[in-house]
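Q:
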Amino acid sequence: FPVAPEAEDEGKTLELVESYLENFYNLQQDHQPHVRKKGENHLALKLKEMQEFFGLQVTGKPDLDTLEMMKKPRCGVPDIGQYV
Amino acid sequence: FTAGNPKWKRNNLTYRILNYTPKMRQADIDEAIQKALSVWSNVTPLTFQKVENKEADIMISFAYRDHRDNSPFDGPNGQLAHAFQPGEGIGGDVHIDEEEDWTKDGIGYNLFIVVAHELGHSLGLSHSSDPGALMYPAYSYTDPKEFLLPQDDIDGIQAIYGQSNTDVQPTGPITPQACNPNLTFDAITTLRGEIIFFKGRYMLRKHPARVETELNFISLFWPKLPSGIQAAYENVERDEVLLFKENKYWVLRGYDIAPGYPKSIYHLGFPKTVKRVNAAYSDETTGKTYFFIADRYWRYDENKRSMDHGYPRKIVSDFGKTGRVDAAFLKDGYVYFFHGTTQFQFDPHAKRIIGLMKSISWFNC
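Line by line, the protein sequences give chains A and B.
All the letters of the first sequence, read from the start, carry residue numbers 1 to 84 under my numbering.
All the letters of the second sequence, read from the start, carry residue numbers 85 to 449 under my numbering.
1. Listed from N- to C-terminal order along the chain, which residues in the region 386-406 of chain B have their beta-carbon within a distance smaller than 7 Å of any beta-carbon of chain A?
2. Where B:E136 and B:L102 are concerned, what is the direct C-alpha to C-alpha distance, given to the nearest angstrom?
3. Find out if the Cβ-Cβ distance for the pair B:L458, B:D181 is shorter than 8 Å.
4. Between B:G312 and the rest of its own chain, which residues show a CB-CB distance below 7 Å, the 5 nearest in sequence each way excluded?
5. Less than 6 Å between C-beta atoms, sequence neighbours within five positions excluded: which residues of the same chain meet that for B:E202?
6. By DSSP, does A:P33 sit in helix, in strand, or in coil?
7. To the nearest angstrom, report how far apart B:Y317 and B:S213 are at their CA atoms.
8. Only counting the same chain, and skipping five residues up and downstream in sequence, which positions put a Cβ closer than 7 Å to that of B:N448?
9. To which residues does DSSP link B:A165 through a beta bridge?
10. In angstroms, rounded to a whole number, what distance separates the CA positions of B:T357 and B:N95?
11. Interface residues of chain B around A:K72 at Cβ under 8 Å?
12. Give the DSSP-derived three-state secondary structure of A:Y25 in the structure shown.
13. Which residues in the same chain have their Cβ closer than 6 Å to the Cβ of B:W92, if we skip the five residues on either side of it in sequence?
14. In this structure, what does DSSP give as the bridge partners for B:A412?
15. Under 8 Å between the Cβ atoms of B:N486 and B:P228?
16. So what's A:M69 in DSSP terms, helix, strand or just coil?
17. Could you pull out every unbroken beta strand (DSSP E) segment of at least 3 residues lying fully inside the region 237-310 of chain B, listed in chain order?
18. Report yes or no: do the region 57-75 of chain A and the region 156-163 of chain B share at least 3 C-beta pairs separated by less than 8 Å?
19. Along the alpha helix (DSSP H) that carries B:D112, what are the first and last residues, could you check?
20. If we ignore side chains and look at the alpha-carbon of each, how far apart do B:I113 and A:T13 end up?
21. Give the residues of chain A in contact with B:G216, contact being defined as C-beta atoms less than 8 Å apart.
22. Any idea which residues DSSP pairs B:V335 with across the strands?
23. Mind listing which residues of the region 110-126 of chain B have their C-beta closer than 8 Å to chain A's C-betas, in chain order?
24. Determine the burial state of B:Y365: buried for a count of at least 16 other Cβ atoms within 10 Å of its Cβ, exposed for fewer.
25. Determine the DSSP secondary structure at A:M50, reduced to helix, strand or coil.
26. Taking the Cβ atom as the reference point for each residue, do B:A262 and B:L233 lie within a distance shorter than 8 Å?
27. Can you list, in chain order, the residues of its chain whose CB lies under 8 Å from that of B:P257, leaving out five sequence neighbours each side?
28. Nearest to B:V199 by CA position, among B:P265, B:P260, B:L121, is which residue?
29. Under 8 Å Cβ to Cβ from A:Q32, same chain only, skipping five residues before and after it: list those, please.
30. Quick check on the DSSP output: the alpha helix (DSSP H) that includes B:L440 runs from which residue to which?
31. Tell me where the beta strand (DSSP E) around B:A363 begins and ends.
32. For B:D410, count neighbouring Cβ atoms within 10 angstroms of its own Cβ and tell me buried if that reaches 16, exposed if not.
33. Can you give me the Cβ contacts of B:S348 inside the same chain, cut-off strictly under 7 Å, excluding the 5 residues immediately before and after it?
34. Between which two residues does the beta strand (DSSP E) carrying B:A147 extend?
35. Taking Cβ to Cβ, would you say A:D79 is nearer than 8 Å to B:P221?
36. What does a CB cutoff of less than 6 Å around B:T297 pick up in its chain, not counting 5 residues either side in sequence?
Listed below in structure tokens is the structure:
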């Protein structure tokens, strides 16, 4: 069935958030669906780390300000950890 | 700092430009990279020598998508470039995403700004959370002619390589913090119900309905405006804001800079002895605008579009406060004058100062 627009948007948002956190906050890519629950807590933790770095409200949720920051053009070097 | 505190063991480093993007003239690319290197050599003992046909410490190249360093680029926008911390081989190298719109000005992405940031990584710096720092991860445009390395970046790089060998140590702009009690302002104006506080290359934006104060670069909204705006006022009737720097002024119509500006302030009727305006506010109930210069002020009639006769007058004669005014704005029938970290609330009807506050009283600190 055609995906309802909001569900599609939600999918895109989750994709944006995951790829941003993988690229810049060392979020490990979870490929095993059964660890999804743990993955979500892990994702919220990383999201808080990113919100903390940028001085955003630390909610652990992809709110508007957080998504706006994630869409800004930027340097490809991670904000935490080494880049070698 | 980067984990492990990587740094170059010597101060005289080499760099090589491996290739060029066709989007800019080669000479402009060379100039942008040279200027980016000087940003760091000006504040440290580091020197950078360009080499051609051999391995250099810092290899600078334009790269496309997956360029075999395990960090593929992502096409236009998104990731603009990356660089590697000091070390052998790929260490210190700068990779620039070929697919971006590289320019030498404010359109697209300014190559100088991005390379200067990446070279910070090549020298051992990581990202800064100071939104005004060069090492802040997100891109923001600054006119290369006006660029000054922020103090946050100077502190960082000097902690790794020490101070520059010059007699006078360079200092840089510090990002304004809304609740810093020592905060002073260059200019303040209302803008469609908001209040805009100008400071250096920043503007603090206070919306009555929002608790937080938003800090932005002036160039984020108005790339054509210079930093260091000295006076500003809103003409509510005409939905315009006039912004002053030295003997020029710009007009903001709605949210855009009107074409044909800047113009000379002498068009408004100032004598040539006036070189700049310190502060200004406009009273829509009377159609009069007040310009403050040193210890005197002029009054301008917005309807007749000319200066009123009998001016300038002494500020102290009519506003009850001595000394100069840094900034001023009118809100809800009161005029707020700023001098240093002090704010005076003036009642134009009673013609006297009725309140004294800190400069940061508007920021809910």
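Beta carbons: idealized from backbone N, C-alpha and C, even for Gly.
A quick note: this is a predicted structure, and the numbers were derived from the prediction, not measured.
A: Result, derived from the coordinates:
1. When CB distances to chain A are screened at a threshold of 7 Å, not a single residue of the region 386-406 of chain B falls below it.
2. C-alpha separation (whole angstroms): 8 Å.
3. An answer regarding residue 458 of chain B cannot be provided, because it is not within the stretch 85 to 449 covered by chain B.
4. If we look at B:G312 and ignore the five residues flanking it on each side, its Cβ neighbours are D270, G284, K329.
5. In the same chain as B:E202, and ignoring 5 residues on each side of it, the C-beta atoms closer than 6 Å to its own belong to A165, A167, V178, in chain order.
6. Because A:P33 carries a pLDDT of 48, less than 50, the predicted location of this residue cannot be relied on, and the following value inherits that uncertainty. Shown here, A:P33 sits in a helix according to DSSP, grouped into three states.
7. The straight-line gap separating the alpha-carbon atoms of B:Y317 and B:S213 is approximately 32 Å.
8. Only V295 meet the Cβ criterion.
9. In DSSP, B:A165 forms a bridge with A:C75, B:I180.
10. Each residue's Cα considered, the two are about 50 Å apart.
11. The contacting residues are A222, Y223.
12. Helix, per DSSP.
13. When the five nearest sequence neighbours on each side are left out, the beta carbons in the same chain lying within less than 6 Å of the beta carbon of B:W92 are those of P170, in order along the chain.
14. Looking at the DSSP output, B:A412 sits in a beta bridge with B:F421.
15. In the structure displayed, chain B extends from 85 to 449; residue 486 of chain B sits before or after that span and is not available.
16. Note: A:M69 maps to helix in three-state DSSP.
17. The region 237-310 of chain B contains these whole beta strand (DSSP E) runs: 271-275, 278-283, 286-290, 298-301.
18. Touching, per the Cβ criterion.
19. Under the DSSP assignment, B:D112 falls in the alpha helix (DSSP H) whose first and last residues are 110-125.
20. Computed Cα separation, rounded: 36 Å.
21. The premise fails here: B:G216 is roughly 12 Å from chain A at the closest Cβ pair, so nothing lies under 8 Å.
22. Looking at the DSSP assignment, B:V335 forms a beta bridge with B:L326.
23. Correct list: empty, as no residue qualifies.
24. Around the beta-carbon of B:Y365, 16 or more other beta-carbon atoms lie within 10 Å, marking it buried.
25. DSSP places A:M50 in the helix class (H, G or I) of the three-state scheme.
26. No, the Cβ-Cβ distance between B:A262 and B:L233 is not below 8 Å.
27. G216, L232, P234, Q235, G284, R285, listed in sequence order.
28. Considering only alpha carbons, the answer is B:L121.
29. For A:Q32, the predicted structure reports a pLDDT of 49, less than 50, and the residue's modelled location is therefore unreliable. The matter cannot be settled from this model.
30. Where B:L440 is concerned, there is no enclosing alpha helix (DSSP H), although the beta strand (DSSP E) it sits in stretches over 436-442.
31. Element bounds for B:A363: 363-367.
32. Taking every protein chain shown into account, the CB of B:D410 has 16 or more other CB atoms within 10 angstroms, so this residue is buried.
33. N331, K332.
34. Where B:A147 is concerned, the enclosing beta strand (DSSP E) stretches over 142-147.
35. In contact: A:D79 and B:P221 (Cβ atoms closer than 8 Å).
36. Cβ neighbours of B:T297 beyond the five flanking positions: A262, L288, K290, F447.
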